[in-house]
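Undergrad:
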Amino acid sequence: MSETLSPTLSQTARTRLTRHRERGSDDRADLFAIIGEALVCHVGLVRDGEPVVLPSIHAADPDGPDEGGTLYLHGSVAAPWLLQAPGQTVCATFTLVDGAVLARAAFNHSMNYRSAVVYGAARRVDDPVERDHALRLIVDHVVPGRSATLRANTAKELAATTVLAVPLAEASVKVRSGGANDDAADVATGRWAGVVPLAVRAGIPQPEGDGPVPDDVRRRLADW
3 MSETLSPTLS
13 QTARTRLTRH
23 RERGSDDRAD
33 LFAIIGEALV
43 CHVGLVRDGE
53 PVVLPSIHAA
63 DPDGPDEGGT
73 LYLHGSVAAP
83 WLLQAPGQTV
93 CATFTLVDGA
103 VLARAAFNHS
113 MNYRSAVVYG
123 AARRVDDPVE
133 RDHALRLIVD
143 HVVPGRSATL
153 RANTAKELAA
163 TTVLAVPLAE
173 ASVKVRSGGA
183 NDDAADVATG
193 RWAGVVPLAV
203 RAGIPQPEGD
213 GPVPDDVRRR
223 LADW
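Going from the sequence shown to this note's numbering is simple: count from 1 and add 2.
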């Protein structure tokens with residue numbers, strides 16, 4: 003993270019929490035931790051005059067050229083949302099579900115989660131050095147170290163790919179943990195309540211061809 007980047011998130015009208023403010027975090031490290039762990043983000047924007055929210059694979063660079071660091075997104079050059087996003091404000095959301103909170107009353111059921119919301123003006127990445135850097139980050143976001151084991155992108159592949167960058171200056175973080183917030187009267191009924199932990203878990207790799215599972219994949223499996 004660059005020396006000039008503030009370690010805290012500055013609230014704006016769009017990022018200020020209106021409910022359960024005690025669950026908010028202004029620690030920028032929490033923002034990057036959530037973005038780093040989430041495998042998919044959802045990007046909201048206006049396309050052809052209508053709101054649309056689409057899933058996207060992503061990567062973040064705390065030392066990127068944009069204010070607050072850079073969020074990178076990518077996709078096909080034929081994707082309408084990638085064509086229309088540059089120059090407009092987009093909203094990227096990230097959600098990690100850690101548990102289902104099962105209470106004694108329906109009203110108090112909840113989820114334990116870590117979430118982040120980012121607002122920023124999207125720009126298309128045209129500089130070839132930054133594009134290559136962004137695409138490597140996106141690959142390594144899923145399996146760290148993977149990009150170093152792959153062949154270089156071809157000119158045809160690069161021509162078919164659009165990369166967007168979004169500044170990470172305007173963002174909010176919200177976290178819920180713990181058990182059910184039941185009223186004392188509901189607790190006294192003796193009904194069951196508790197938390198069911200949830201997590202991403204990897205299955206057994208399914209190789210295509212011969213050869214052992216490479217080290218980069220084995221390391222990622224250990225994380226999951």
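For every residue, glycine included, the Cβ atom is placed at its ideal position computed from N, Cα and C.
On a predicted model such as this, the values are computed, not experimentally measured, just so you know.
1. Which class does glutamate 210 belong to by DSSP, given the choice of helix, strand or coil?
2. Which residue marks the beginning of the alpha helix (DSSP H) containing alanine 162, and which one marks its end?
3. In angstroms, rounded to a whole number, what distance separates the CA positions of isoleucine 36 and leucine 139?
4. Got a sec, what are the start and stop residues for the beta strand (DSSP E) alanine 94 sits in?
5. Taking just the CA atoms, how far does methionine 113 sit from glycine 180?
6. Buried or exposed for alanine 154, going by 16 or more other Cβ atoms inside 10 Å?
7. Below 8 Å on the Cβ atoms is my contact criterion, and I expect tyrosine 228 with threonine 95 to pass it. Report the Cβ-Cβ distance as a whole number of Å.
8. Of all the options Asp225, Arg133, Pro9, which has the alpha carbon lying nearest to the alpha carbon of glycine 205?
9. Serine 58 to glycine 77, Cα distance in whole Å?
10. Taking only runs of the beta strand (DSSP E) that begin and end inside the region 47-83, which ones reach a length of at least 3 residues, in chain order?
11. For aspartate 29, does the three-state DSSP call read helix, strand or coil?
12. Glycine 101: buried (16+ other C-beta within 10 angstroms of its C-beta) or exposed?
13. Which one of Glu24, Trp83, Ala108 has the shortest CA to CA distance from arginine 178?
14. Where threonine 191 and asparagine 183 are concerned, what is the direct C-alpha to C-alpha distance, given to the nearest angstrom?
15. What is the residue span of the alpha helix (DSSP H) that arginine 222 lies within?
16. Can you tell me whether alanine 231 is helix, strand or coil according to DSSP?
17. Could you tell me the alpha carbon to alpha carbon distance between valine 45 and alanine 186, rounded to whole angstroms?
18. Alanine 201 by DSSP, collapsed to three states: which one?
19. Using the rule of at least 16 other Cβ atoms within 10 Å of the residue's Cβ for burial, across every protein chain shown, is serine 27 buried or exposed?
20. Can you grab the Cα-Cα spacing for the pair glycine 213 / valine 42, in whole Å?
TA: This is what the structure holds:
1. Against the sequence shown, residue 210 aligns to sequence position 208. It is coil, neither helix nor strand.
2. The count along the sequence shown starts at 1 and reaches residue 162 at position 160. Counting along the chain, alanine 162 falls outside any alpha helix (DSSP H), and DSSP gives it neither H nor E.
3. By one-based count along the sequence shown, residue 36 stands at place 34. By one-based count along the sequence shown, residue 139 stands at place 137. Their backbone Cα atoms lie some 16 Å apart in a straight line.
4. Sequence index remark: in the sequence shown, residue 94 carries index 92 (1-based). Element bounds for alanine 94: 91-104.
5. Counted from its first residue, the sequence shown places residue 180 at position 178. Counted from its first residue, the sequence shown places residue 113 at position 111. Within the model, the alpha-carbon separation for glycine 180 versus methionine 113 is close to 9 Å.
6. Your numbering for residue 154 matches position 152 in the sequence shown. Label assigned to alanine 154: exposed.
7. There is no way to answer for residue 228, as the model of the chain reaches only from 3 to 226.
8. Taking the sequence shown and counting its residues from 1, the one referred to as residue 205 is at position 203. With distances taken between Cα atoms, glycine 205 lies closest to Asp225.
9. Here residue 58 refers to the residue found at position 56 of the sequence shown. Here residue 77 refers to the residue found at position 75 of the sequence shown. Each residue's Cα considered, the two are about 8 Å apart.
10. Those beta strand (DSSP E) runs which fall completely within the region 47-83 and span 3+ residues are 52-58, 60-63, 72-78.
11. On the sequence shown, residue 29 is found 27 positions in, with the first residue counted as 1. Under the three-state reduction of DSSP output, aspartate 29 falls in the strand class.
12. In the sequence shown, residue 101 corresponds to position 99, counting from 1. Counting Cβ neighbours within 10 Å, glycine 101 comes out buried, since at least 16 surround it.
13. Counting from 1 along the sequence shown, the entry for residue 178 is found at position 176. When Glu24, Trp83, Ala108 are compared, the shortest CA-CA separation from arginine 178 is found for Glu24.
14. In the sequence shown, the residue the question calls residue 191 occupies position 189. In the sequence shown, the residue the question calls residue 183 occupies position 181. C-alpha separation (whole angstroms): 15 Å.
15. In the sequence shown, residue 222 corresponds to position 220, counting from 1. 217-225 is the extent of the alpha helix (DSSP H) around arginine 222.
16. Coverage of the chain is limited to positions 3 through 226, which leaves residue 231 absent and any answer about it impossible.
17. Sequence index remark: in the sequence shown, residue 45 carries index 43 (1-based). Sequence index remark: in the sequence shown, residue 186 carries index 184 (1-based). Answer to the nearest angstrom: the Cα atoms are 41 Å apart.
18. For the purposes of this step, residue 201 is identified with residue 199 of the sequence shown, where counting begins at 1. In this structure, alanine 201 counts as coil in the three-state DSSP scheme.
19. Taking the sequence shown and counting its residues from 1, the one referred to as residue 27 is at position 25. Label assigned to serine 27: buried.
20. Mapped onto the sequence shown, residue 213 falls at position 211. Mapped onto the sequence shown, residue 42 falls at position 40. Taking the straight line joining both Cα atoms gives about 29 Å.
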